[in-house]
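**Q** There's a structure below that I have some questions on.
Residue numbers (this note's numbering): 0 to 162.
Pasting the structure below:
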């Protein structure tokens with residue numbers, strides 16, 4: 000199947016919302032990407048239009064993301080692009096979502112200290128995790144698990160309007 004993959008560089012625009020589902024946890028947040036260009040006349044960088052995306056990260060990527068990211072932080076998000084149209088209030092609207100495969104802090108704008116997640120910590124926190132409480136990061140021993148589940152177990156949450 001042909002899928003469109005994208006790499007976005009921007010900032011976290013909303014709090015990360017983490018929820019447990021039947022098929023594993025999912026973290027969702029809005030992501031702001033602003034184009035910048037060099038203005039020769041003013042000899043300065045100029046901001047262009049800002050685009051907003053809803054990013055979803057599944058299973059261990061979602062748990063790690065919820066424990067590591069907060070509003071305003073610069074990130075690099077790589078994943079599958081999903082464009083959908085819905086009718087809201089009698090108007091047709093277009094939404095752009097990204098199912099994340101990999102997410103990391105943008106190290107051109109700061110530093111980070113990586114901490115490897117352990118299975119024991121994940122199992123201990125999984126027993127205590129509730130939908131309102133982020134779980135401790137989980138590592139699946141090299142098994143890629145960031146793809147969304149298929150079939151009836153997938154849950155789509157309502158979108159939050161862009162700020």
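For each residue, glycine too, the CB sits at the ideal point set by N, CA and C. Since we're looking at a predicted model, the values are computed, not measured.
Going by DSSP, which residues form a beta bridge with residue 96?
**A** On the chain shown, residue 96 is found 97 positions in, with the first residue counted as 1. Paired residues: 53 and 81.
**Q** Buried or exposed for residue 1, please, with buried defined as at least 16 other CB atoms from any protein chain shown within 10 angstroms of its CB.
**A** By 1-based counting over the chain shown, the position of residue 1 is 2. Per the 10 Å Cβ criterion, exposed.
**Q** Ends of the beta strand (DSSP E) at residue 58?
**A** Residue 58 sits at position 59 when you count from the first residue of the chain shown. Where residue 58 is concerned, there is no enclosing beta strand (DSSP E), although the alpha helix (DSSP H) it sits in stretches over 58-67.
**Q** Assuming residue 9 is part of the beta strand (DSSP E), what are its boundary residues?
**A** Here residue 9 corresponds to residue number 10 of the chain shown, with the count starting at 1. From DSSP, the beta strand (DSSP E) with residue 9 extends over 4-11.
**Q** Is the beta carbon of residue 30 less than 9 angstroms from the beta carbon of residue 76?
**A** Counting from 1 along the chain shown, the entry for residue 30 is found at position 31. Counting from 1 along the chain shown, the entry for residue 76 is found at position 77. Yes; because the gap between Cβ atoms is below 9 angstroms, this pair is in contact.
**Q** Report the rounded CA-to-CA distance for residue 100 versus residue 80, giving the unit in angstroms.
**A** Within the chain shown, numbered from 1, the residue matching residue 100 stands at position 101. Within the chain shown, numbered from 1, the residue matching residue 80 stands at position 81. Distance between the alpha carbons of residue 100 and residue 80: 11 angstroms.
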